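Trainee: Numbered according to our numbering, the sequence shown spans residues 3 to 90. Each residue gets a CB set at the ideal place from its N, CA and C atoms; glycine is no exception. None of these values were measured; they are calculated from a predicted model. Quick one: the structure is below, questions incoming.
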Amino acid sequence: MKKFGRVIEDPKKTSIHLVNKTAFAGVATRNKAIVLTIKSDRELSSPRFHKSEQTSARRFHHEVKLTSIAEVDAELLDWLKAAYELSS
Numbered sequence: 003m004k005k006f007g008r009v010i011e012d013p014k015k016t017s018i019h020l021v022n023k024t025a026f027a028g029v030a031t032r033n034k035a036i037v038l039t040i041k042s043d044r045e046l047s048s049p050r051f052h053k054s055e056q057t058s059a060r061r062f063h064h065e066v067k068l069t070s071i072a073e074v075d076a077e078l079l080d081w082l083k084a085a086y087e088l089s090s
């Protein structure tokens, strides 16, 4: 993600928000996984999404449960980059 540009880690009570100008992703820990929430301006479809919800007229949040570093792949990084650019 350092290739995207400036990313600020903003710790919250139960998670860490990843921020450019606004939050574009969130990271929360669970017993057996890390939950990564990615912001989008459209509905995305993937079997990797544990949960997706429309949060406003033009915003969606998509949750991915990560249990291995190997799950951080090109597809996931593409989603994060799009979210980062959305928050610019």
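Got a sec? Which residues, its chain only, sit under 7 angstroms from Arg44 by beta carbon, not counting five neighbours each side?
Mentor: The answer, listed in chain order, is Phe62.
Trainee: Pick helix, strand or coil for Lys41, following the three-state DSSP scheme.
Mentor: Lys41 falls in the strand class under three-state DSSP.
Trainee: Where Leu78 and Lys5 are concerned, what is the direct C-alpha to C-alpha distance, given to the nearest angstrom?
Mentor: C-alpha separation (whole angstroms): 14 angstroms.
Trainee: Nearest-angstrom Cα distance between Leu38 and Ala25?
Mentor: Computed Cα separation, rounded: 12 angstroms.
Trainee: Would you call the segment 46–61 and the segment 3–23 in contact, with 3 or more CB pairs under 8 angstroms?
Mentor: The answer is no - the segment 3–23 does not touch the segment 46–61, with fewer than three Cβ pairs under 8 angstroms.
Trainee: Measuring alpha carbon to alpha carbon, tell me which residue in Thr31, Val66, Glu73 is nearest Lys14.
Mentor: Nearest option by C-alpha distance: Thr31.
Trainee: Do you know offhand how far Leu88's Cα is from Ile18's?
Mentor: Distance between the alpha carbons of Leu88 and Ile18: 18 angstroms.
Trainee: Is the beta carbon of Ser42 sitting closer than 9 angstroms to the one on Ala72?
Mentor: No; because the gap between Cβ atoms is not below 9 angstroms, this pair is not in contact.
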